[in-house]
Amino acid sequence: MSLSCFDFADQKPQLTLEEAQQALLETATQITPAIKRSLQEAQGLFLAENIQAPIQVPQNTNSAMDGYALKGSELTQLKSWHLAGESLAGRGFNQTLQAGECIYITTGAPLPEGADTVVMMEQARREGDQVFFELGDKPPKIGSNVRQAGEDIQEGQLLLHPGQCLGSTELGLLASLGFSEVEVHQPLRVAIFSTGDEVTAPGLPLPAAGIYDANRFSVQGMLQGLGCQVTDLGILPDDLNAITSALRKASRDHQLILTSGGVSVGDADFVKQALVDLGETRFWRLAIRPGRPFAFGHLGQNQQGSTCLFAGLPGNPVAAMVTFMLLVQPLIKKLQGGYQNLTATWTAQTEEPLKSRLGRSDFHRGIYQVNPEGQLEVHTTGAQGSGILTSMHQANCLIRIPDHQTEIPAGDPVSIYPFHLWLAE
Ligand code: AMP
Ligand code: MG
3 MSLSCFDFAD QKPQLTLEEA QQALLETATQ ITPAIKRSLQ EAQGLFLAEN IQAPIQVPQN
63 TNSAMDGYAL KGSELTQLKS WHLAGESLAG RGFNQTLQAG ECIYITTGAP LPEGADTVVM
123 MEQARREGDQ VFFELGDKPP KIGSNVRQAG EDIQEGQLLL HPGQCLGSTE LGLLASLGFS
183 EVEVHQPLRV AIFSTGDEVT APGLPLPAAG IYDANRFSVQ GMLQGLGCQV TDLGILPDDL
243 NAITSALRKA SRDHQLILTS GGVSVGDADF VKQALVDLGE TRFWRLAIRP GRPFAFGHLG
303 QNQQGSTCLF AGLPGNPVAA MVTFMLLVQP LIKKLQGGYQ NLTATWTAQT EEPLKSRLGR
363 SDFHRGIYQV NPEGQLEVHT TGAQGSGILT SMHQANCLIR IPDHQTEIPA GDPVSIYPFH
423 LWLAE
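If you're matching positions, the sequence shown starts at 3 in the working numbering and goes up one per residue.
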């Protein structure tokens, strides 16, 4: 792996978001292996095989209503029908329907040979084994209230591809085809910890100069949303030995370590110093806000003989979430065999003027909505400090003011990054 082309120490210019994303994705060469998982344990994981339908769905031509099945062309010819039997869901009528015959049928039950139309219960009157229909001046068309065999899925149809994330719809679809297990990519083993003497675990009293640890929980939530197997290693003090030994230990049985805090320029630099001894890590100046600083690299070899990747997120809670979302999340998806979503942006009209610095992309937290004219518009959540976590909580997207723009007047189009496409939670 070579990270040197983006070396902060080389005094290279700042990396744009796209350069940083590409550099991260290029390091993702060790995709987690495919494993069989039961459907119950596959949610959120990425498919490692093509899924072809082994059966057609629905299996049989069947009724969409409770009613009477008959030959549709007879509806304009006859006045009454002989009731020949019934077809219930799970128990069909196994004879061929003869001229002038109908059967009682329930929703989902197979249509017998000779029938092609169902008249609903509400339009039928039964006298002994004779059935009459009150159809008004609009008799049902031939084929009414019938679902054709294979109308949803044909046998052999290719339905899902490798890289597809298995959500509730996909799990239901797989089950509807009879699959009880699928091949997915193994979840990535990720260790997380927070750093900083002031950072305090929730549940403990808050010291006078303390701040509660937000990052371990937001990061854990985002990792679990990506299906990762997370080890929470707690909070590390600003102490070189403690950080070095925790990183070394975690690198043995994890494929990725994520820390937050301790990587900023002028910081006490303990994470940085520890990383120098353990592997190859670069401290990037990203041309995004929030997002500076960000560290990325790898730490020696783990027990499986592969390198353990390392990403050092900024300490400020919004910056930690934004860098995770824009940089770490695409990397993890790739490592777990998933599709990328780097271009998942929408365009909305900004309701307010926006400002940024030339050569830097600012990501404001925003709320998009459809206005009464049916257009997508967006406004910011107010104060945008990178420690103001309520700005993330209120938002449903990030608004990007791109590198080449310093001002965007109200009413102009802007790119937005909807959280539902970018933030796995
Ligand atoms: P650092 O990058 O360590 O200089 O931290 C930047 C800012 O983020 C400081 O104000 C820290 O107190 C704060 N911070 C660092 N880690 C966390 C955390 N886990 N939760 C909340 N705030 C944090
Ligand atoms: Mg710190």
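No residue lacks a Cβ here, since even glycine has one placed at the ideal position from N, Cα and C.
Short of 6 angstroms from the beta carbon of residue 383, and not among the five residues preceding or following it, lie these beta carbons of its own chain, in chain order: 367, 393, 396 and 397. Counting only runs of at least 3 residues, the segment 123-159 fully encloses the following beta strand (DSSP E) elements, listed from N- to C-terminal order: 126-129 and 132-135. Between the segment 251-262 and the segment 314-334, the count of C-beta pairs closer than 8 angstroms reaches three or more; the two stretches touch. For residue 243, the secondary structure class from DSSP, reduced to helix, strand or coil, is helix. If the five residues before and after residue 16 are omitted, its C-beta is found closer than 6 angstroms to the C-beta atoms of 287 and 289, all from its own chain and listed in chain order. For residue 264, the number of other beta carbons within 10 angstroms of its own is at least 16, and it is reported as buried. Burial of residue 229 is indicated by the presence of at least 16 other C-beta atoms within 10 angstroms of its C-beta. Comparing alpha-carbon positions, the option among 409, 61 and 427 lying closest to residue 153 turns out to be 61.
For the pair residue 253 and residue 295, the CB atoms are not nearer than the 8 angstroms cut-off.
By the Cβ criterion, the segment 63-75 is not in contact with the segment 204-220, since fewer than three pairs of Cβ atoms, one from each stretch, lie closer than 8 angstroms.
Counting the other Cβ atoms within 10 Å of the Cβ of residue 20 gives fewer than 16, which makes it exposed. Boundaries around residue 420 are those of the beta strand (DSSP E), 415-420, since no alpha helix (DSSP H) includes it. Uninterrupted beta strand (DSSP E) stretches at least 3 residues long and entirely within the segment 151-219 occur at 160-162, 183-187 and 191-197, given in chain order. Of the residues assessed, residue 415 falls on the exposed side of the cut-off, its CB having fewer than 16 other CB atoms within 10 angstroms.
Annotation for residue 88: the continuous beta strand (DSSP E) segment containing it runs 82-89.
Here the alpha carbons of residue 348 and residue 401 stand approximately 10 angstroms from one another. The secondary-structure analysis by DSSP pairs residue 279 with nothing; it has no beta-bridge partner.
According to DSSP, residue 29 shares a beta bridge with no other residue. Secondary structure of residue 378 (DSSP, three-state): strand.
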